[in-house]
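Colleague: Residue numbers (my numbering): 7 to 121. For glycine and all other residues, C-beta sits at the position ideal for the given N, C-alpha and C. Dropping a structure here in structure tokens format, bear with me for questions.
So this is what it looks like as structure tokens:
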């Protein structure tokens, strides 16, 4: 499975951005999808996830500002980011955790927020 990300870019604080991740094969209802982010010299950290059961969870730093969604028919996962802050600057990665086995990463997309 290949995950191809799109979106990203340079924004000002307070602006909004949606990034997307398209899978090369269908995302099934019981698969988990997630977004992570990673800065230089830092570990990759979970930003948001939708489990196979449909439950969403968010990192505390983004709760209330970011929204993860999925469109299984389009094999696409989205991350809507509102009220962006300079500390949201990172490389963002989508992931797919197949219920049937297999874990996949997207190629990463850079989001840079200036104050």
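Tell me the DSSP bridge mates of residue 52?
Modeller: For residue 52, which the question treats as bridged, DSSP gives the partners 42.
Colleague: With DSSP collapsed to three states, give me the class of residue 79.
Modeller: Correct three-state label for residue 79: helix.
Colleague: Considering only residues of the same chain and omitting the five flanking positions on each side of residue 88, which have a CB-CB separation below 6 Å?
Modeller: Cβ neighbours of residue 88 beyond the five flanking positions: 22, 71.
Colleague: Identify, in the order they occur along the chain, each residue of the same chain with its Cβ nearer than 8 Å to the Cβ of residue 9, setting aside the five sequence neighbours on each side.
Modeller: Around residue 9: 27, 28, 29, 30, 100, 101, 102, 110, 111, 112, 113.
Colleague: Is it buried or exposed for residue 81, if we count other Cβ within 10 angstroms and need 16 for buried?
Modeller: So residue 81 counts as buried.
Colleague: In angstroms, rounded to a whole number, what distance separates the CA positions of residue 39 and residue 51?
Modeller: Using only the alpha carbons, I get a separation of about 14 Å.
Colleague: For residue 45, I'd like the list of residues in its chain whose CB is within less than 8 Å of its CB, leaving aside the five on either flank, ordered along the chain.
Modeller: Within the same chain, residue 45 has close Cβ partners 95, 96, 97.
Colleague: So for residue 21, helix, strand or coil by DSSP?
Modeller: Reduced to three states, the DSSP call for residue 21 is coil.
Colleague: Please report the straight-line C-alpha distance between residue 36 and residue 63, rounded to a whole angstrom.
Modeller: Each residue's alpha carbon lies about 16 Å from the other.
Colleague: Start and end of the beta strand (DSSP E) containing residue 9?
Modeller: Segment 9 to 12, the beta strand (DSSP E) holding residue 9.
Colleague: Under DSSP, the beta strand (DSSP E) around residue 63 begins and ends at which residues?
Modeller: Looking at the DSSP string, the run of the beta strand (DSSP E) that includes residue 63 is 62 to 64.
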